[in-house]
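>
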Amino acid sequence: MRIERFRYIGGPNVHHHRPVLIAQIELEDLAERESRELEGFNDRLLERLPGLRTHTCGGGYEGCFVDRLRDGTYFGHIVEHVAIELSGQAGIGVCYGKTRVLAEPGSYSIVVRCRNEAAMRHLLQAALELVEATVANKDYPLEPAILEARRLVERTELGPSTRSIVDAAVARNIPVRRLDQHSSLVQLGYGRRRRLIQAAFTDGTGGVGVDIASDKSLTKQLLRDAFLPVPAGTEVETFDQAVQEWRDIGECAVVKPVDGHHGKGVTTEVRSIEALGAAFESAAAQSSAVLIEEQYAGNDYRVLVVNGSMVAASLRRPAEVVGDGARTIGELIDEINLDPRRGEGHSKPLSRVDAADAAVLAELDDQGLALEAVPEAGRVVQLTQGANLSTGGSAADVTDVVHPQVRALCERAARVIGLDICGIDLILPDISQPVPKRGGGIVEVNAGPGLRMHRFPSEGQPRDVGGAIVDMMFPGGSDGRIPIVAVTGTNGKTTVTRMIASVLASTGKTVGMTTTSGIHVGGREVAHGDMTGPLSARAILCDPAVEAAVLETARGGIVRGGLGYDWSDVAVMTNVQLDHVGQDGIENLDDIVHIKSLVVERVRDGGTVVLNADDPLVLPLADRPDLARRGCQVVLFSLAPRSFAVRRHVAAGGTAYVARGGSIFELCGKRSTPLVRIDAIPITFGGTVSFNVANALAAAAACRALGVSPGCLREAFGSFSANEHNSGRQNVFEVNGGKLVIDYGHNPAAFQGMGEALRKWSRGRVIGVLGAPGDRADQVLEEGARTAARAFDHIVLKEDEDKRGRRPGEVAQLLRDAIAAERPDLPCEIVLDEREALESALSTMRTGEVVVMFYDDLEVVREVLAGSVERAGRRHGGR
């Protein structure tokens, strides 16, 4: 067996509402073989992984997977369950998995819930190798595989500081997205409410304040100038200067780098020239200048100030071990490092102690000890001078006993330095007492202070410091969200999206919009192309200028990347038509409904779902129990004013939008409110384009759900024209006494709808210039061709530049054969080049006739039209 490729989906998706990892595996020699066929395999597997006995495997009872093994199951399914079992042993346990057979023989898609991408990739590979080894009755080194997964988790997971803020944000229902898997940069909120954090830094943390805090000498000067208590001392550059300052202080000092962090290069209680030399060298290795300070006597405290107020305080203790009279110091260090709270660096609440660290060895040497020494029972051996958690120290919460004077002193220090999140280090005899006049005070101010000592104290009450930071960033209980409308369906998505965005923009909002033609912010295009997937949605939602987002959300993006948001306020499903069968495992219309209904599922509690009551595949979604359970409002729209579904829905207290008597009406209970005349909406062309009437109904429903007034809606709809606001959709050009219509359709419903509309316009023939994407199933292409044969009087078949896996001319010939079978007498020609196809159609058009071309490159269209007008002028001049 082998894994062909991985695909990670980080947002809600068709498999799960949480992130998943998808592995495509090739079973090779194990293809079509079942577990029951291999003697002893099941017993060997269960012996190696007894936890598999509890797997329910979708059957609803423990032991279901074992039953499946004994009855016979394929090896892709077995790898899935082994990976899930290993995830629990690695500390990232998940309970969701699914295995699907792919089109190629022996190919499977394994989908598992994913809490850590790097570790889950490793575990899926390990699961495959373990199963192969079990098949061959060979040993497999499972423990190293699990240890490597845990190492990957430690290396790639968010650190405790960032995690505490993220957890607090999630508890407040604030959207969270990690922007870089290799750092702790995280986005909280959307659009104009977006905020960024990285560890205990926010996008509001002032750069000047950070620079000041990074310069310990300057920090001391500013605090001293503000009459805040700081130790005597100064910055030096040479060892001779250090000696002089050390003597002036009183021959007991602290030596530290000017711009150090995490206690690196800091030496306390320097009492001799020899010790000063080693301390100076250690500090100079971390910084270009060294700070020599008076040594305060007392306890080491850290006070956290957020937004000008103290929120937590800790008593910090250096790393230490307690002798038992039997084990060496090295062995005692190994024992405390087994504490599951300890990890590498800052990955866990506490850090492991590095027994080989020079600072540890130096501290032991000062006490006349070494790693091989065996301290007597009860003796406390200090391992480091500093009490930083990063060097193995611990902390006890003392928030509730901080003296008011100390609290006020720390809050003032944070204001003086100019930090929104500030860690104040103090040396004091007792933090519950006022600051003494001599021998105690502030020794350091920290930007981006570690939060884990407050969140996970070794003793005392944990403090919700992440919550305090979130409260600062999102005051007043804000959830950091902006209005989001997601539009899906087969046809009409782009038009509905553009109409909604236009209405919202008319209310004064800066709107971010994604469509099949590009990304727009504030009415300006910022990216061109098909932008209906999750990356485009995220681009909108991370833009601080955006006050409302309208997101066209297409099938392809949903299948391949999930959704680019967590919840929307309004979801719109326009319709479900025959299209995309044969792509991404889609076999029928029910599969399309399943995929697109994800947009409906991800409407927030109390949000609005807008559904097409005229579509028998869409209407049943109104009865989803999860929508009722979460208090979501279902709104229907219909071109049939006497629709039974609409009447029943309104009678039950629901809201609907219908086309009646030439106007769009809002129906709510017994109230019927006219919103806008249909002939006042330019894209309906006086009501002749019925599918755009339906699109206007859907857009009206979404806008009203967001609180847009009828007057504003009426005005915005009245100024929304096809050529100006709906590029590539029903754009009309006058040419040589006839009309050219440009549209984007490529499926049977699109051909039928356009044909019906243009019959009302034409005084003669309706000529269709069309093609179809090559990645559709033959049945879809043939049905589209038969529909086009009934809709048009003359057809010119073109072909997309991207053949999507088909041979040149293959799709056009398939379409032509189906057209000939439907209407043998219908004029139909193949002109593969799109420009030449349009030119051919226009050359046959007579006065009063209509040519419709299903195409999206308006620049090419304009060039062809310019040439057509020029040729017509020459002919007229010749006569």
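The opening residue of the sequence shown carries number 56 in my numbering; numbering runs sequentially from there. From the three backbone atoms N, C-alpha and C, an ideal C-beta is built for every residue, glycine too. Just so it is clear, the structure is predicted and the values come from calculations on it, not from any experiment.
Mind checking Gly932: buried by the 16 CB within 10 Å criterion, or exposed?
Taking the sequence shown and counting its residues from 1, the one referred to as residue 932 is at position 877. Below a pLDDT of 50, predicted positions are generally treated as unreliable, and Gly932, at 45, falls in that range; no measurement from the model is reported.
> State the DSSP-derived secondary structure class of Pro215, mapped to helix, strand or coil.
Along the sequence shown, one-based indexing puts residue 215 at 160. Three-state DSSP puts Pro215 in a helix.
> Specify, as a first and last residue, the run of the beta strand (DSSP E) that His575 falls within.
Here residue 575 refers to the residue found at position 520 of the sequence shown. Looking at the DSSP string, the run of the beta strand (DSSP E) that includes His575 is Gly573 to Val576.
> Give me, in chain order, the residues of the same chain whose beta-carbon lies closer than 6 Å to that of Phe772; leave out the 5 immediate sequence neighbours on both sides.
Looking up residue 772 in the sequence shown gives position 717. So the qualifying residues of the chain are Val731 and Ile736.
> Taking the runs of the beta strand (DSSP E) that are 3 residues or longer, which of them lie wholly in the segment 673 to 737?
Correct list: 688 to 693, 710 to 715, 718 to 723 and 726 to 732.
> I'd like the list of long-range same chain contacts for Arg434, defined as Cβ closer than 6 Å, with 5 residues on each side in sequence excluded.
Counted from its first residue, the sequence shown places residue 434 at position 379. Once the five neighbours on either side are set aside, the close Cβ partners of Arg434 are Gly378.
> Going by CA-CA distance only, name the one from Pro404, Ser337 and Asp126 that's closest to Phe96.
As a first step, residue 96 is located in the sequence shown; it is residue number 41 there, counting from the start. Minimum Cα distance to Phe96 is reached at Asp126.
> Taking the beta strand (DSSP E) that Gly152 belongs to, which residues open and close that run?
On the sequence shown, position 97 is the one that residue 152 refers to. Gly152 to Val156 is the span of the beta strand (DSSP E), which, as asked, contains Gly152.
> Within the continuous alpha helix (DSSP H) that includes His132, where are the two ends?
For the purposes of this step, residue 132 is taken as the residue at position 77 of the sequence shown. Counting along the chain, the alpha helix (DSSP H) containing His132 begins and ends at Phe130 to Gln144.
> At what residue ranges does the segment 779 to 867 contain a whole run of the beta strand (DSSP E), taking only runs of 3 or more?
Within the segment 779 to 867, the complete beta strand (DSSP E) runs of at least 3 residues are 786 to 790, 793 to 798, 821 to 825 and 849 to 852.
> Three Cβ pairs or more, each shorter than 8 Å: is that satisfied between the segment 554 to 565 and the segment 591 to 605?
Touching, yes, given that three or more Cβ pairs across the two stretches are closer than 8 Å.
> Let's test the definition: count the other Cβ atoms within 10 Å of the Cβ of Arg930 and tell me whether it reaches 16, buried, or not, exposed.
Reading the sequence shown from its first residue, position 875 is the one you call residue 930. With a pLDDT of 46 at Arg930, under the threshold of 50, the modelled position of that residue is not reliable, and no figure is offered here.
> What does the alpha-carbon distance come out to for the pair Arg610 and Asp645?
Residue numbering aside, residue 610 sits at position 555 when the sequence shown is read from its first letter. Residue numbering aside, residue 645 sits at position 590 when the sequence shown is read from its first letter. Each residue's alpha carbon lies about 13 Å from the other.
> So what does Arg397 bridge to, in DSSP terms?
Working through the sequence shown from its first residue, we reach residue 397 at position 342. Partner(s): Leu405.
> Would you please state the rounded distance, in angstroms, between the beta carbons of Gly246 and Pro589? I believe it to be under 8 Å.
Numbered from its first residue, the sequence shown carries residue 246 at position 191. Numbered from its first residue, the sequence shown carries residue 589 at position 534. Actually they do not touch by this definition, with Cβ atoms about 16 Å apart.
> My assumption, with CB atoms under 8 Å, is that Glu884 sits in contact with Ser898. Please give the rounded CB distance.
Counting from 1 along the sequence shown, the entry for residue 884 is found at position 829. Counting from 1 along the sequence shown, the entry for residue 898 is found at position 843. The pair is not a contact, with the Cβ atoms about 11 Å apart (cut-off 8 Å).
> Going by alpha carbons, who is nearest to His237 out of Thr739, Asn171, Gly332 and Lys193?
Looking up residue 237 in the sequence shown gives position 182. Cα-wise, what sits closest to His237 is Asn171.
> In the structure shown, what three-state DSSP assignment does Leu881 receive?
Within the sequence shown, residue 881 is the residue found at index 826, counting from 1. Coil.
> In whole angstroms, what separates the C-alpha of Val905 from that of Val821?
Within the sequence shown, residue 905 is the residue found at index 850, counting from 1. Within the sequence shown, residue 821 is the residue found at index 766, counting from 1. Approximately 5 Å, taken between the alpha carbons.
> Quick one: grab the DSSP three-state call for Ala224.
Looking up residue 224 in the sequence shown gives position 169. Here Ala224 sits in helix by DSSP.
> Ignoring anything shorter than 4 residues, give me the alpha helix (DSSP H) runs that lie fully in the segment 737 to 779, in order along the chain.
The segment 737 to 779 contains these whole alpha helix (DSSP H) runs: 745 to 760 and 765 to 773.
> What ranges does the alpha helix (DSSP H) occupy inside the segment 61 to 113, keeping only unbroken runs of at least 4 residues that lie completely in it?
Within the segment 61 to 113, the complete alpha helix (DSSP H) runs of at least 4 residues are 96 to 103.
> Under a three-way DSSP split, which group does Asp235 fall into?
Taking the sequence shown and counting its residues from 1, one reaches residue 235 at position 180. Coil.
> When you compare the CB positions of Leu202 and Ser239, do they come within less than 9 Å of one another, or not?
The residue labelled residue 202 in the question sits at position 147 within the sequence shown. The residue labelled residue 239 in the question sits at position 184 within the sequence shown. No. Outside cutoff.
> Please list the segments of the alpha helix (DSSP H) lying wholly inside the segment 622 to 672, counting only runs of 4 or more residues, in order along the chain.
DSSP runs (the alpha helix (DSSP H)) wholly in the segment 622 to 672: 644 to 656.
> Within 10 angstroms of the Cβ of Val625, are there 16 or more other Cβ atoms? Answer buried if so, exposed if not.
The count along the sequence shown starts at 1 and reaches residue 625 at position 570. With 16 or more other Cβ atoms within 10 Å, it is buried.
> Whole angstroms are fine: how far does the CA of Gly793 sit from the CA of Gly823?
By 1-based counting over the sequence shown, the position of residue 823 is 768. By 1-based counting over the sequence shown, the position of residue 793 is 738. Computed Cα separation, rounded: 14 Å.
> Span of the alpha helix (DSSP H) holding Gln242?
In the sequence shown, the residue the question calls residue 242 occupies position 187. Element bounds for Gln242: not the alpha helix (DSSP H) but the beta strand (DSSP E), Leu240 to Leu243.
> Restricting to Cα atoms, I'd like to know which of Asp420, Pro803 and Leu273 is closest to Arg841.
Your numbering for residue 841 matches position 786 in the sequence shown. Comparing Cα positions, the closest option is Pro803.
> Measure the CB-CB distance between Leu666 and Leu674 and report whether it falls below 9 Å.
As a first step, residue 666 must be located in the sequence shown, where it is residue number 611. As a first step, residue 674 must be located in the sequence shown, where it is residue number 619. Their beta carbons are under 9 Å apart, which means Leu666 touches Leu674 by this criterion.
> Kindly indicate which residue of Ser693, Gly810 and Val525 has the alpha-carbon position closest to the one of Ala254.
Counting from 1 along the sequence shown, the entry for residue 254 is found at position 199. Comparing Cα positions, the closest option is Val525.
> Going by the CB atoms, is the gap between Val453 and Tyr356 shorter than 9 Å?
As a position in the sequence shown, residue 356 is number 301, starting the count at 1. As a position in the sequence shown, residue 453 is number 398, starting the count at 1. Cβ distance < 9 Å, so Tyr356 and Val453 count as in contact.
> Can you tell me which residues form a DSSP beta bridge with Glu514?
Position 459 of the sequence shown, counting from 1, holds the residue named residue 514. Answer is Ala451.
> Pairs of beta-carbons, one from the segment 781 to 799 and one from the segment 719 to 729, closer than 8 Å: are there three or more?
Verdict: no, contact absent.
> Can you check whether the CB of Val907 is closer than 9 Å to the CB of Met809?
Looking up residue 809 in the sequence shown gives position 754. Looking up residue 907 in the sequence shown gives position 852. Yes, the pair counts as a contact, with Cβ atoms nearer than the cut-off.
> Which residue from Arg103, Gly118 and Leu346 puts its Cα closest to that of Thr109?
The sequence position of residue 109 within the sequence shown is 54, counting from 1. Of the listed residues, the one whose Cα sits closest to Thr109 is Gly118.
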